[in-house]
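Following: one structure in structure tokens, then a few remarks.
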Amino acid sequence: MILLRCVSEKGASFSTPQANRKNKELLRRTWSDEFDNLYELGSAIYCYIFDHNPNCKQLFPFISKYQGDEWKESKEFRSQALKFVQTLAQVVKNIYHMERTESFLYMDAMEFALEHRLSTMADLDEAQKKDAVTVWRTLALYTTVHMRNGFIDGLKGVNKFPPLV
1 MILLRCVSEK
11 GASFSTPQAN
21 RKNKELLRRT
31 WSDEFDNLYE
41 LGSAIYCYIF
51 DHNPNCKQLF
61 PFISKYQGDE
71 WKESKEFRSQ
81 ALKFVQTLAQ
91 VVKNIYHMER
101 TESFLYMDAM
111 EFALEHRLST
121 MADLDEAQKK
131 DAVTVWRTLA
141 LYTTVHMRNG
151 FIDGLKGVNK
161 FPPLV
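Heads up: the sequence shown at position 162 corresponds to 162 in the UniProt record's numbering, and the numbers run straight through without jumps.
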């Protein structure tokens, strides 16, 4: 697999895959679009996150409605578990035409929605609206950078935030 090195604004590097034919075939052979397999993978991802950092459950308020681990069988959790792997499924489906996946992965909706919402807020002047957009951009960047860093650390077998005991 050929990796393209990228460097973020803060100097952290990360890679994006440009797979050769052999590696693309390996991705296709090791992937399944069957519902049960997708749900099992998505569920395992979220269960790992929640097991290793239970505070992350706060990001999913529906979990608090359930006793113990009953949330694992809830329709809300099943839906959430499938969302991430369905994105991966689209990428694998288009592995021979990666340029088709860019539109699935390119997310500018937050920027658009935020600017629209801020433009309707009469209690903010133009300077405050501009500052708010900057602050929200910074928060979005912070979130995505740390999610990416966690992914990269996971590839290295590193967990900077071990499970709480």
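Every residue gets a Cβ at the ideal spot worked out from N, C-alpha and C, and that includes glycine.
Local Cβ density within 10 Å of residue i, reported as buried at 16 or more and exposed below that
i      : result
VAL135 : exposed
GLN50  : Looking at the sequence provided, one finds Phe at residue 50 rather than Gln. By the 10 Å Cβ count, PHE50 comes out buried.
TYR46  : buried
LEU38  : buried
PHE112 : exposed
VAL85  : buried
PHE161 : exposed
ALA12  : Note that ALA12 scores a pLDDT of 46, beneath 50, so its modelled location is shaky; the value from the coordinates is reported in the next line. So ALA12 ends up on the exposed side.
PHE151 : exposed
ASN159 : exposed
PHE77  : buried
Rounded Cβ spacing between residue i and residue j (contact assumed at less than 8 Å)
i      : j      : result
LEU105 : GLY42  : At roughly 17 Å, the Cβ-Cβ gap does not stay under 8 Å, so LEU105 and GLY42 are not in contact.
LYS129 : LEU118 : 5 Å
ARG28  : VAL92  : 7 Å
Extent of the continuous alpha helix (DSSP H) to which residue i belongs
i      : result
GLU102 : 102-105
PHE50  : 35-52
TYR142 : 126-155
CYS110 : The sequence given here places Met at residue 110; Cys does not occur at that position. That run of the alpha helix (DSSP H) goes 109-119.
VAL85  : 75-93
ASN23  : 21-29
Proximal residues to residue i (C-beta, below 7 Å), its chain only, five neighbours per side dropped
i     : result
ASN94 : ARG100 and THR101
TYR66 : SER74
Sequence-distant residues of the same chain with beta carbon closer than 8 Å to residue i, five excluded per side
i     : result
CYS56 : ILE49 and PHE50
GLN90 : THR101 and PHE104
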